[in-house]
């Protein structure tokens, strides 16, 4: 564990945040407060960061697969899973979005706190920047996630996606509907400077 690790608490959970890993903020906590997992569900936590969402999900889920492009985040999340007593129900894989998964592998629930900050660059210069860099429209990663989400969602399964109004929420809802989901906003939080972060829930229809 790096010497400059910071400790963050949420409900009865505790998370050690390594310097190279995204620290949970308003978006993470809004997501966590509205995260519902049914008993026995198989969950995919995309962009797990310190592992906050996947670890909370693992208390109820049968298993959680947690992925992140940042190898330090994968190691950090794995340690936090041990810290919170759910390591036996979690699997951690380093990789970009759905690329670490088997073709057609499906889940009851997919979680993604997306990088949504509009930026000049489409990629982070350091691994931690991948947690927020969204390209000029803020949608560079969101659109790639939406392209692959339906393939990995069981019929009747759900996707929970958190993003900002800076990255065109209505476009997200339209794409989800086109991809075979029924989508709606289930939670939101107003931030300074005319920004709102929203949690979208999408339920997969039969194709």
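In our numbering, the protein residues as written are 2 to 208.
Glycine residues also receive a C-beta, built at the ideal position from the N, C-alpha and C atoms.
query, result
"Is the distance from the Cβ of residue 68 to the Cβ of residue 38 below 7 Å?", "no"
"Taking the C-alpha atoms as reference points, what is the distance between residue 31 and residue 177?", "21 Å"
"What are the complete beta strand (DSSP E) segments, minimum 3 residues, inside the stretch 137–205?", "154–165, 182–192 and 196–205"
"With distances taken from CA atoms, which of 87, 35 and 96 is nearest residue 14?", "87"
"Please classify residue 65: does DSSP put it in a helix, a strand, or coil?", "strand"
"Put residue 32 into one of helix, strand or coil per three-state DSSP.", "helix"
"Just to confirm the assignment, what range does the alpha helix (DSSP H) spanning residue 81 have?", "72–84"
"Report the rounded CA-to-CA distance for residue 170 versus residue 148, giving the unit in angstroms.", "15 Å"
"Check the C-beta distance from residue 33 over to residue 46 and give it rounded, since I have them as a contact under 8 Å.", "So it is not a contact: roughly 12 Å between Cβ atoms."
"Short check: CB of residue 203 to CB of residue 160, under 7 Å?", "yes"
"Does DSSP classify residue 102 as helix, strand or coil?", "coil"
"Short of 7 Å in beta carbon distance, which residues of its chain neighbour residue 35, apart from the five on each side in sequence? Order them along the chain.", "187, 188 and 200"
"Cβ of residue 109 within 7 Å of Cβ of residue 52?", "no"
"Is the Cβ-Cβ distance between residue 22 and residue 74 less than 7 Å?", "yes"
"Buried or exposed: where does residue 40 fall if 16 or more other Cβ atoms within 10 Å of its Cβ makes it buried?", "exposed"
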